Structure formats: structure tokens, C-alpha cells
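Numbering-wise (my numbering), the sequence shown opens with residue -2 and increments by one.
Beta carbons are placed, not taken as given, at the ideal position from N, Cα and C, and that holds for glycine.
In this text, all values refer to a predicted model and were calculated from it rather than measured experimentally.
First the structure, in the form of C-alpha cells, and then the observations on it.
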Amino acid sequence: MKRVFLLAAVAALALTACTVYVTPSDVSVTGRLRFGIGVSDVIQVFEPSRGPGSSYRVGETIAFRVLTNQDGYLTLSAIDPDGAVYTFARNLRVRGGRVQVFEGPDAGSVFSLVPPRGLHRVRAVFTSAPTSGLVSYRGVVGETVWTARIRSEVSDHQVRDIAETSFYLD
-2 MKRVFLLAAV AALALTACTV YVTPSDVSVT GRLRFGIGVS DVIQVFEPSR
48 GPGSSYRVGE TIAFRVLTNQ DGYLTLSAID PDGAVYTFAR NLRVRGGRVQ
98 VFEGPDAGSV FSLVPPRGLH RVRAVFTSAP TSGLVSYRGV VGETVWTARI
148 RSEVSDHQVR DIAETSFYLD
């Protein structure tokens, strides 16, 4: 028993001497969101083409890699470093079981990056049927309202899922 206590004390002492350094490229927000509504585990992959937490420059284009386990639709919205929320693609058709790369909201267009610089968080909202588009994200500021708008938009859909990723704009 004394030996276990001594080992635990030595380990605790060693760990208190550790310093963890985190650089912006090491930090990313990814994963499932569950905020007051039931969701399904439909979105298997959702990330920028360079990977979560990657860096881009103003004027570059960005694409998003998506894998779902069933057919449906995605709406992509984001919150920028200033807290402004925007929707940049609505009702993108996804095919289950296939990795798809979305370079723009429709064929022949691209997602081009504009300021503000800093961390941009992006949410993919999956629904089995197209959303109505009646929920507006225009003029929305802050995560609380962003989350409430997403919840409102998907509340009528039986199958829904939400995933989040991020990127940095230098």
C-alpha cells in the first residue's frame, strides 16, 4: 500500500512540473455537437480539405470533405472571429457511403475566403430532406443565437446530425 502511495506521489510531482505549450496550429474544434436536440450519428467526416485547424490566406479557396452514412442534405454555416454568423451553402446533396468534396455552394462556384482573419468555426447540419430556408442567419451575432437558429432549422426533421470543424484565416 505504501509503495502505491509513493508511486502516485512521485507521478503527481512529476506531472506538476510539466508545461504544455499549445500553438494555434495545434488547436482545432471538431466533432459532434449535441445541444438540446437529439441527433443521429450520420456525419462520419466533416473537415476542410487541408484538415481541421488548418491555415488559409485571404483570397484562397477552401473545400470541405464530407462522409455521411446515408443520403441527405447539408447546410454549412460558420461563425467568424468577430462573432458574426453566416450561411454559405444550403441543401448540398450528399450521398451516403461516399467521400464528397464540396468546393462551392453549387457547380462552377467556389468558397473564397475573405476577412476577418482568425479562427472560423464551421458547422455542417445534416437533414434527410432539404431544409425550408426560412430560418435566417443574416445579422446573427454570437454562438448562442447561432445554436438556437440551427436548432430551430432542424427541429422538424426526424433524421438530423451536426458536426463542427475549424480553420484559421491568416
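Cβ pair residue i, residue j closer than 7 Å
i, j, result
"Thr58", "Val107", "yes"
"Asn66", "Gln97", "no"
"Val138", "Gly69", "no"
"Thr241", "Tyr134", "This structure cannot settle anything about residue 241, because the visible part of the chain is limited to -2 through 167."
"Val142", "Ala75", "no"
"Pro112", "Val36", "no"
"Leu64", "Leu89", "no"
"Phe43", "Phe99", "no"
The alpha helix (DSSP H) enclosing residue i, as first and last residue numbers
i, result
"Thr141", "Glu140 to Val151"
Integer Cβ distance of residue i from residue j, believed to fall under 8 Å
i, j, result
"Thr128", "Arg87", "7 Å"
"Pro78", "Leu116", "6 Å"
Host beta strand (DSSP E) of residue i (start-end)
i, result
"Thr124", "Gly115 to Thr124"
"Ser51", "Ser51 to Tyr53"
"Ala160", "Arg157 to Leu166"
"Thr65", "Phe61 to Thr65"
"Val42", "Ile40 to Pro45"
Same chain, Cβ closer than 8 Å to residue i, five either side skipped, listed in chain order
i, result
"Val151", "Ile34, Val122, Thr124, Thr128, Arg157 and Ile159"
"Ser46", "Ile59, Ala60, Phe61, Arg62 and Val98"
"Ala126", "Gly69, Tyr70 and His154"
Own chain residues within Cβ distance below 6 Å of residue i, not counting five before or after
i, result
"Ser52", "Tyr165 and Asp167"
"Gly101", "Val107 and Phe108"
"Leu30", "Residue placement at Leu30 is poorly supported in this model, since its pLDDT is 48, which falls under 50; the coordinates still yield a value, given next. Taken in chain order, the residues that qualify are Ile159 and Glu161."
"Arg92", "Asp68"
Close-in-space but distant-in-sequence residues of the same chain around residue i (CB under 7 Å, 5 per side omitted)
i, result
"Ser149", "Val132"
"Glu140", "Ile76"
"Asp38", "Asp158"
"Gly94", "Asn66"
Start-end ranges of the beta strand (DSSP E) lying completely within the segment 73 to 102, minimum 3 residues: 82 to 91 and 96 to 99
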